[in-house]
Amino acid sequence: MSGLLVSFAHPDDESVLTGGLIAGLRDRGIAVALAVATRGEAGKAGDPPICTADELPHVREVELQQAAAALGLTDVTWLGYRDRELAAAPVDSVRRQLVSLLRARRPAVVVTFDPNGSNLHPDHVAISRFTSDAIAAAADPRWFPEAGPPHQVVRLLWSPPQRPWHLIRSPGFPALPGIDFVVDVSAYSAAKAKALRAHRSQHLSLDRIFFSQPDLDRLLSMELFRQAWGPALSARPGGDVLEGL
Numbered sequence: 004m005s006g007l008l009v010s011f012a013h014p015d016d017e018s019v020l021t022g023g024l025i026a027g028l029r030d031r032g033i034a035v036a037l038a039v040a041t042r043g044e045a046g047k048a049g050d051p052p053i054c055t056a057d058e059l060p061h062v063r064e065v066e067l068q069q070a071a072a073a074l075g076l077t078d079v080t081w082l083g084y085r086d087r088e089l090a091a092a093p094v095d096s097v098r099r100q101l102v103s104l105l106r107a108r109r110p111a112v113v114v115t116f117d118p119n120g121s122n123l124h125p126d127h128v129a130i131s132r133f134t135s136d137a138i139a140a141a142a143d144p145r146w147f148p149e150a151g152p153p154h155q156v157v158r159l160l161w162s163p164p165q166r167p168w169h170l171i172r173s174p175g176f177p178a179l180p181g182i183d184f185v186v187d188v189s190a191y192s193a194a195k196a197k198a199l200r201a202h203r204s205q206h207l208s209l210d211r212i213f214f215s216q217p218d219l220d221r222l223l224s225m226e227l228f229r230q231a232w233g234p235a236l237s238a239r240p241g242g243d244v245l246e247g248l
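Heads up, the sequence shown is in our numbering, so the first residue is 4 and it goes up one at a time.
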């Protein structure tokens with residue numbers, strides 16, 4: 004068993020938090036799947052806008068397809084919920100979708116937002132909750148037996164307790180609690196940057212976080228994760244999310 008499932012709320016979450024990780028694992032021939040809960044239709048469309056509000060869901064879907072191609076990612080599942088309304092989605096419906104995906108792909112590692120959603124965005128908090136719920140259900144054969152044989156995820160990773168682009172600038176940040184993996188993705192910085200730029204409608208936030216910053220190379224060179232649960236680490240932080248599996 005190997006591979007990774009990344010479970011996020013919106014198009015661009017995958018590139019911001021895990022773009023380098025995805026590109027690196029795909030380069031190693033490791034399977035990576037992405038679940039996206041919404042099409043981000045409540046987001047901005049850029050300044051000046053690159054499309055109308057009605058066009059934004061389709062535009063963001065195309066942007067994610069382009070970003071995924073930049074990262075070597077071909078396995079993308081849209082869950083189909085409304086942006087900013089994910090917390091109210093039917094629990095059993097989301098559980099069934101994610102359990103089916105987990106049992107079909109059988110990843111060793113799952114990555115999602117921490118329980119606070121990184122920035123308390125309600126959709127981020129919701130997908131974290133739904134993902135943890137589905138991981139437990141996927142391992143229990145009583146849930147949705149028609150979805151395939153049970154599957155136990157070995158390691159669940161969360162986004163770090165603070166925004167990673169702030170943590171990376173903190174002196175001695177690898178020693179801080181909650182930073183259990185610091186993944187060197189510098190070899191994939193160009194792929195990550197290309198994926199981020201593919202999300203053209205979100206350029207305001209992406210420019211603010213990345214492309215307008217004087218330390219862009221550093222920001223693109225590493226990704227940080229907190230281990231929610233999984234095998235004990237030989238050292239913290241680790242450098243490979245598949246360590247010990």
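From the three backbone atoms N, C-alpha and C, an ideal C-beta is built for every residue, glycine too.
- [ ] Can you give me the Cβ contacts of R158 inside the same chain, cut-off strictly under 6 Å, excluding the 5 residues immediately before and after it?
- [x] V112, G233
Task: L82 beta carbon less than 7 Å from that of I25 - done: no
Task: CA-to-CA distance, K197 to A92, given in whole angstroms - done: 32 Å
Task: Residue closest to L202, alpha-carbon to alpha-carbon, out of V65, D136, S237, Q100 - done: One detail in the question is off: residue 202 reads as His in this sequence, not Leu. Per the Cα distances, V65.
- [ ] With DSSP as the reference, label Q100 as helix, strand or coil.
- [x] helix
Open item on the list: Could you tell me which whole beta strand (DSSP E) segments of length 3 or greater appear in the segment 77–164?
Closed with: Fully enclosed beta strand (DSSP E) runs of 3 or longer: 78–84, 112–115, 158–161.
Open item on the list: Suppose the cutoff is 8 Å on Cβ atoms and the five residues either side in sequence are ignored; what does the same chain contact list for I33 look like?
Closed with: S5, G6, L7, L245
Open item on the list: Below 8 Å on the Cβ atoms is my contact criterion, and I expect P37 with A48 to pass it. Report the Cβ-Cβ distance as a whole number of Å.
Closed with: This sequence places Leu at residue 37; Pro is not what is there. Incorrect: roughly 22 Å between the Cβ atoms, too far for contact.
- [ ] May I ask you to verify whether the segment 141–154 touches the segment 186–194, counting CB pairs closer than 8 Å and requiring at least 3?
- [x] Between the segment 141–154 and the segment 186–194 there are fewer than three inter-stretch CB-CB distances shorter than 8 Å, so the stretches are not counted as touching.
Open item on the list: At the 7 Å Cβ level, is Q68 part of the contact set with chain C, yes or no?
Closed with: Note that chain C does not occur in the displayed structure, where there is just one protein chain.
TODO: Let me know the beta strand (DSSP E) ranges lying completely inside the segment 199–232, each 3 residues or longer, listed in chain order.
DONE: 225–232
Task: V62 versus R85 - alpha carbon distance - done: 15 Å
Open item on the list: Can you look up S10 in the DSSP assignment and give me helix, strand or coil?
Closed with: strand
- [ ] Check the C-beta distance from D187 over to S224 and give it rounded, since I have them as a contact under 8 Å.
- [x] 7 Å
Task: Short Cβ contact (7 Å threshold) for W161 with R229 - done: yes
Open item on the list: Assuming contact is defined by CB atoms lying nearer than 7 Å, are L227 and P153 in contact in what I supplied?
Closed with: No, the pair does not count as a contact, with Cβ atoms beyond the cut-off.
Open item on the list: Please classify L123 as buried or exposed, where buried requires at least 16 other C-beta atoms within 10 Å of its C-beta.
Closed with: The residue in question, L123, is exposed, as its Cβ has fewer than 16 Cβ neighbours within 10 Å.
TODO: Over the uninterrupted alpha helix (DSSP H) stretch that includes L74, give me the two end residues.
DONE: 59–74
TODO: Rank S10, H206, S121 by C-alpha distance to the C-alpha of L170 and give the top, closest one.
DONE: Looking at the Cα atoms, S121 is the closest of the given residues.
Open item on the list: Taking 8 Å as the cut-off, does the segment 102–111 touch the segment 11–27 (at least 3 CB pairs, one atom from each stretch)?
Closed with: No, the segment 11–27 is not in contact with the segment 102–111.
Task: Beta-carbon contacts of V9 that lie in its chain and below 6 Å, excluding the five residues immediately before and after - done: E17, T21, L37, V114
- [ ] Identify whether A56 lies in helix, strand or coil by the three-state DSSP scheme.
- [x] coil
Task: Run of the beta strand (DSSP E) containing A26, from where it starts to where it stops - done: That residue, A26, is in no beta strand (DSSP E); its alpha helix (DSSP H) goes 16–30.
Task: Selection from L219, C54, I53, F133 that minimises the alpha carbon distance to P118 - done: F133
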